[in-house]
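J.: This is the structure, below, for whatever I ask next.
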Amino acid sequence: KEIVLNAASHCEKKEKSSRSCDALAEYLAKVGHSPAFRAKDGCVVFDRDAYHGKQVTPQHNLSSGLFCGDRNITYWNKDLEDPVLIHFRAGEKEFRMLTHYYLLLHFTDPAVDHY
């Protein structure tokens, strides 16, 4: 517990450090929700209908498909928002999120997208 608290504001990439990032990552993975999301082959779409569990309109489905291309589409919904803590495992090579947000996030409502 002490290592996690020490690493909360700053962690070191040393396993035996009193501020180890590994201890913090393990704790976050244990207590939080860690979606298996990878930026290299996925995109996140914010759509009002999908969020409320409704069918996505054909127009929004088309715009999401054009934006995401061959990548897997994850519609942001209430289930993804339920966990108190969401931990993106960006420190793991397989789940790194090395991309610009505007290549990863798509908003089907132009008013929200342009805000």
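Position 102 of the sequence shown, counted from 1, bears residue number 94 in our numbering, the numbering being contiguous throughout.
Idealized CB from N, CA, C, for every residue including glycine.
Report yes if the C-beta of S12 is less than 7 Å from at least one heavy atom of the ligand FAD; otherwise report no.
T.: Looking for the ligand FAD in the displayed structure turns up nothing, as the structure carries no ligands at all.
J.: Alpha carbon to alpha carbon, what distance is there between N53 and L96?
T.: 16 Å
J.: For the alpha helix (DSSP H) containing F59, list its first residue and its last residue.
T.: Residues 50 to 60.
J.: What residue range is occupied by the uninterrupted beta strand (DSSP E) comprising L97?
T.: Here the beta strand (DSSP E) through L97 covers 97 to 99.
J.: Pairing CB atoms from the region 27 to 41 with CB atoms from the region 49 to 63, are three or more of them under 8 Å?
T.: yes
J.: At 3 residues or longer, and completely inside the region 1 to 44: list those beta strand (DSSP E) runs for me, N to C.
T.: 34 to 38
J.: DSSP state of Y107, grouped into three classes?
T.: coil
J.: Which residues does DSSP pair with T66 in a beta bridge?
T.: V36
J.: Less than 8 Å separating the beta-carbons of S(-4) and A15?
T.: The sequence shown places Val at residue -4, not Ser. Contact: yes.
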